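Here the sequence shown is numbered in this note's numbering, starting from -16 and rising by one per residue. Written below as structure tokens is the structure these notes are about.
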Amino acid sequence: MKIVMLGAPGAGKGTQAKMIAERYGIPHVSTGDIFRANIKNGTDLGREAKAYMDKGELVPDELTVRILLDRVAQDDCKNGYVLDGFPRTIPQAETLKKELDRLGESIDFAIDVDVPDENIVKRMGGRRACVTCGATYHIEHVPPKKEGICDVCGGELILRDDDKPETVQNRLNVYHTQTQPLIDFYTAEGVLKTVDGTQDMKDVFNAIVSILG
Ligand code: ADP
Ligand code: AMP
């Protein structure tokens, strides 16, 4: 099963993708997580990506596509995967389609987690991420057991630089101009499904499970 998660930054793609990955036993592939791991490890890729991420802009397609195709070519992706944060532009979606066509494969579901912009700004301000393992929390909706400390690994929880309000607005603008057109792209492919992302996260997940079966 190959799944693409669509939706604005902060819509809950990562939250749902992790639950899907666990339920269906397929890897959760997040280009944002790959870039953040590279930033943490001080790689050249991390340095290049950081310059764009800090401004709320997209990392160039060529670089992002290369990273993603390398990742999905790995053994654990043989039986499928859930993509979170990729594709984010039409050229990325087209390149992925071309590569899958070549392998005689295709995306089975593109799930759009629909959340209006007003809710997004609140969500991102409350998101906290573990600097060590990347686990995600929300100060109101998914608080850690101990404030500022990751339940999973004991790491420090921080507000991501790109979740600061001045960057969030730019990320939303980028989403509307560059990523939202993917809704039409996947509608034309016949695989688009929309879920109401303003519901409680368990209800969003139930809606997704009833689509995936
Ligand atoms: P994305 O991967 O789309 O950027 P996340 O999954 O990281 O979004 O979610 C953004 C923030 O909103 C996180 O702090 C997360 O805990 C919280 N969140 C996710 N889904 C919901 C929901 N259905 N209701 C309330 N808060 C949510
Ligand atoms: P995310 O964790 O998905 O919110 O991504 C964080 C940031 O990483 C984005 O704001 C972009 O700067 C960059 N990024 C992640 N995925 C992509 C992608 N598919 N294309 C371009 N940039 C990306």
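Ideal Cβ placement from N, Cα and C applies to all residues, glycine included. All of these numbers come straight from a predicted model, not from anything done at the bench.
- Between the alpha carbons of Gly180 and Asn189 lies a gap of roughly 11 Å.
- Annotated as distal: Arg106 and Thr162, with beta-carbon spacing of 8 Å or more.
- Distance from the Cα of Asp67 is smallest, within the candidate group Ala(-6), Cys113 and Lys80, for Ala(-6).
- The Cβ-Cβ distance between Cys136 and Pro127 does not fall below 8 Å.
- Here the C-alpha atom of Asp91 lies approximately 17 Å from the C-alpha atom of Leu52.
- Under the three-state reduction of DSSP, Lys(-15) is assigned to strand.
- Beta-bridge partners assigned by DSSP to Ser13: Asp67.
- Nearest Cα to Val114 within the set Asp186, Asp144 and Tyr169: Asp144.
- Counting every other CB atom within 10 Å of its CB across the protein chains shown gives Arg30 a total below 16, marking it as exposed.
- For Val55, the closest alpha carbon among the candidates Ile9, Asp37 and Pro74 is that of Ile9.
- Apart from the 5 residues on each side of it in sequence, Ile191 sits with its Cβ closer than 7 Å to the Cβ of Gln(-1), Ile3, Ile94 and Val178 in its chain, given in chain order.
- With a contact defined as Cβ atoms closer than 8 Å, Gly39 and Val157 qualify at about 6 Å.
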